[in-house]
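Asker: Per the numbering used here, the sequence shown starts with residue 1, numbered consecutively.
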Amino acid sequence: RAANDLYSRAVSKVRQPIEALFAWLIEKSDIQKASKVRSTKGLSLHVYGRLAAAFITLIFNS
């Protein structure tokens, strides 16, 4: 039981910052709106473009 609790706490410590990062990305870039994307290349362009815009916003609004 103690090992299970320790494992759960370790996973939570790793998971929470990752979830916060993705929540921030969704909030800043609206990255989930890709309904018009029809190809893998288009999806890559959409995702990387949105990521670039989010990080540019982070850099210049800090």
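Heads up, the beta-carbon is just placed ideally off N, CA and C, and yes, glycines get one too.
With V37 as the anchor, note down where its alpha helix (DSSP H) starts and where it stops.
Answerer: Taking the sequence shown and counting its residues from 1, the one referred to as residue 37 is at position 37. Looking at the DSSP string, V37 is not in any alpha helix (DSSP H), and its letter there is neither H nor E.
Asker: If you measure between the beta carbons of K28 and L58, is that distance less than 9 angstroms?
Answerer: Within the sequence shown, the letter at position 28 stands for residue 28. Within the sequence shown, the letter at position 58 stands for residue 58. Contact: yes.
Asker: Under DSSP, the alpha helix (DSSP H) around R9 begins and ends at which residues?
Answerer: Position 9 of the sequence shown holds residue 9. Counting along the chain, the alpha helix (DSSP H) containing R9 begins and ends at A2 to S29.
Asker: So, are the CB atoms of L51 and I31 less than 9 angstroms apart?
Answerer: Walking along the sequence shown from the start, residue 51 turns up at place 51. Walking along the sequence shown from the start, residue 31 turns up at place 31. Yes, the Cβ-Cβ distance between L51 and I31 is below 9 angstroms.
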